[in-house]
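Notes follow once the structure below has been shown.
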Amino acid sequence: MGVLPSDPDRGSPRLTDEDVTDTSALIQAHTETLRANSFTVRATTTMRDENGTFRVRTARTWRVDPGPPVRAWTTSRSTVTGNAPERYERGPERVSAWRQGNATTVRVQSGDDTRIREPDLLNTSVRLNRALHRQLLLRFSDRRNATVGKVTRNGTRLYRVRAELNDTRVSSNASMTLFVTPAGYVQRIETTRTVEYRSGRRVVTRTVRITRVGATPVESPTWATQ
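According to full-length UniProt numbering, the sequence shown is numbered sequentially starting from 1.
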C-alpha cells in the first residue's frame with residue numbers, strides 16, 4: 001500500500017493550473033494516485049422537490065485498500081423527511097457491502113429484517129471506480145466555463161475549480177466545484193443541479209470528501225465472515 005508524503009506540495013506538483021481544467025488529465029491523476037493508496041470517501045446526496053414538501057438524504061461511506069487484492073467496505077443510509085413519494089419510503093434503511101478481491105457480500109437491513117447475499121461484483125457499490133467517483137468527475141468536461149483559484153484548508157494548499165455545467169434534456173442549472181491537491185487527487189467535489197422527473201422537478205446536491213489517503217484501515221466486518 002503506497003503512502004503519500006505528509007506535505008503533498010513538496011517537490012514538483014503532479015497537477016498544474018492547466019491540468020486541473022483538463023478533465024482527462026485530472027481523472028487520470030486522481031485515479032493513479034488513489035489506486036496506489038488506501039483512502040476513505042464520504043458522500044452525501046440530498047434530493048428535494050422545488051416546493052420543499054419532502055427531502056431524501058443518502059449518506060454513503062467507502063473505505064478502500066487497492067491491494068492487491070482489493071479490499072473495500074461501504075455502507076449507505078437513507079433518511080426521508082416530509083411528504084415523499086412512496087417509493088422512497090419503501091427503500092431499505094441501510095445497505096452495506098464488503099469486497100475481498102472479486103468476492104463480494106452485501107447486507108441489507110430494513111427494520112427488523114436483515115438479508116445477506118453474495119452478488120456479482122459488477123452489481124455492487126464496492127467497485128473501485130464507484131468509490132473514485134470517476135463518472136461524477138467526467139461531468140466536468142461538459143461545462144461552459146471554469147475558474148481556478150488557490151485556497152488553504154487545514155494547512156494544505158488546494159486548487160479550487162468552479163464551473164457551470166451545460167444543460168441536458170433532463171438536467172439544468174448545474175454547477176460543480178472541485179478542490180484538488182497538487183499531489184494528484186480531488187479532495188472534495190460539490191455539485192448541484194435541477195433534474196426533471198416524471199413526477200416533477202427535483203433539486204439534487206452532492207458532496208464527496210476523500211480523506212485519510214494512505215492511512216485508511218480496511219477490515220472485514222463480522223457479518224461478512226460469518
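The beta-carbon is built from N, C-alpha and C at its ideal position, and this holds for glycine as well.
No experiment lies behind these values; they were computed from the predicted model shown.
Residue i versus residue j - alpha carbon distance
i    : j    : result
V106 : R90  : 19 Å
N123 : S96  : 13 Å
G82  : R188 : 29 Å
T194 : Y159 : 26 Å
Q28  : V70  : 19 Å
R139 : R87  : 27 Å
T222 : W98  : 10 Å
V56  : S199 : 15 Å
R169 : T16  : 34 Å
L128 : A72  : 8 Å
T21  : A146 : 7 Å
P85  : T114 : 24 Å
E118 : L137 : 29 Å
Beta-carbon spacing of residue i, residue j below 8 Å
i    : j    : result
T74  : V126 : yes
R212 : T40  : yes
R209 : R42  : yes
G214 : N37  : yes
S141 : T44  : no
L26  : V148 : no
R202 : R48  : yes
D65  : V218 : yes
M176 : T191 : yes
Residue i in three-state terms, based on DSSP
i    : result
E32  : helix
S76  : strand
R130 : helix
T222 : helix
T23  : helix
D17  : coil
R55  : strand
A215 : coil
V41  : strand
T61  : strand
T124 : coil
Near the ligand MG: residue i beta-carbon under 7 Å from a heavy atom
i    : result
D113 : Ligands are entirely absent from the displayed structure, and the ligand MG is therefore not among its contents.
Chain D within 8 Å of residue i, Cβ atoms only
i   : result
E89 : Among the protein chains of the structure shown there is no chain D, as only one such chain exists.
Mind pulling the beta strand (DSSP E) runs of 3 or more residues that sit fully within the region 81 to 122? Listed in chain order, the complete beta strand (DSSP E) runs (minimum 3 residues) inside the region 81 to 122 are 94 to 100, 103 to 110, 113 to 117.
Decide if the region 27 to 37 is in contact with the region 54 to 63; the criterion is three or more beta carbon pairs, one per stretch, under 8 Å apart. By the Cβ rule, the region 27 to 37 does not count as touching the region 54 to 63, because fewer than three pairs are nearer than 8 Å.
Could you tell me which uninterrupted beta strand (DSSP E) segments, each at least 3 residues in length, are contained entirely in the region 132 to 208, listed from first to last along the chain? Qualifying beta strand (DSSP E) stretches, in chain order: 147 to 153, 156 to 164, 171 to 181, 185 to 197.
Does the region 175 to 188 touch the region 140 to 160, meaning 3 or more C-beta pairs lie closer than 8 Å? The answer is yes - the region 175 to 188 touches the region 140 to 160, with three or more Cβ pairs under 8 Å.
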